[in-house]
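88 is the number that our numbering gives to position 86 of the sequence shown; each next residue is one higher, with no gaps. To keep things clear, I will list the structure first and then write my remarks on it.
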Amino acid sequence: MKMKIGYVVLMLMITASVMAANLRPQHKITEGQPKLMLEQAIPQQFNDWRVLDLTAQLVNPEVKAAVDKVYAQTLSRTYTNAKGDVIMLSIAYGEDQSDSVGVHLPEGCYGGQGFNIGKVVRDKIATESLTIPVTKVIATKTNRIEPITYWLRTGERLTYPGWDTKMSRLQYGLTGHVPDGMLVRISSLTSTTEPDDIEHAYAIHARFIQDLISATPYTKRHTLIGQVIRPLS
């Protein structure tokens, strides 16, 4: 009797192992597609924004190094406009955004480099293509005050971090697909944490995002925001 029970348990374990292997996502959705090149996909000049050659001085090198370890491709640029506003754009891309890779969220990335992380706020920014679900957070360290706006793309979907992103990965996984993913971070530096200064910074972030999406051709826009349906003319 004990031998029969042991045999049944063994067979159940083997069956579970086979099922788990078969259910594990195998196919990357980027397979067969042209390789993404961030440097070419993101315009260096659009509207009144242009690349400012100060990226090395403004972007925190410790944070950048931590992100570079996780993703296949990263891009860091600093932009300025005619008013003198300065925006830091950081994009991190990975071909495999399964749970084994995941995203390197600013809250954890900056926190790991000794920054104090303020309240995390979810918001939305309307663009001509779609409304982007964004997350806002303030990172501070000594005299550096950095309001941050970011969003996540998982495959063709835009998601908030946490449960939203996990569910999206799970849905892809149930179809046997492994989604690619992207984290787009926009930030700037302010001199104070006064609400007016912070809100002003976030307003500039929103304008930059709207201008960037508008300036990106429809053929490349999906890189930033997933599936894009061209409006009827």
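Beta carbons: idealized from backbone N, C-alpha and C, even for Gly. As the structure is a computational prediction, the values presented were derived from the model and not from experiment.
Thr151 is the residue among Thr151, Trp165 and Leu77 whose C-alpha sits nearest the C-alpha of Ile211. Minimum Cα-Cα distance from Ile119 among the listed residues Asp213, Pro135 and Ile147 corresponds to Ile147. Taking a 10 Å sphere around the C-beta of Val186, we find 16 or more other C-beta atoms and assign the residue as buried. By the Cβ-count criterion, Thr195 is exposed, with fewer than 16 other Cβ atoms from all chains shown falling within 10 Å of its own Cβ. Counting only residues of its own chain and dropping the five nearest sequence neighbours on each side, Leu107 has a CB closer than 7 Å to the CB of Pro163. Comparing alpha-carbon positions, the option among Lys37, Met184, Ile188 and Ala43 lying closest to Thr218 turns out to be Ala43. Secondary-structure assignment with DSSP links Gln75 through a beta bridge to Tyr95. The DSSP assignment places 123-128 as complete runs of the beta strand (DSSP E) inside the region 113-137, in order along the chain (cut-off: 3 residues). With the rule of 3 Cβ pairs closer than 8 Å, the region 76-91 does not count as touching the region 115-131. Met184 places its beta carbon less than 8 Å from that of Tyr95.
Pro108 sits in a helix when the DSSP states are folded into three classes.
Within 10 angstroms of the beta-carbon of Met39 lie fewer than 16 other beta-carbons, which makes it exposed.
Measuring C-alpha to C-alpha distances from Tyr81 to each of Leu226, Leu191 and Gly157 identifies Leu191 as the nearest.
Its Cα nearest to that of Phe48, the residue Leu214 stands out among Arg124, Leu214 and Thr129. Here Glu97 is buried. Its C-beta has 16 or more other C-beta atoms within 10 Å. Per DSSP, the continuous alpha helix (DSSP H) segment holding Met169 begins and ends at Trp165 to Leu176.
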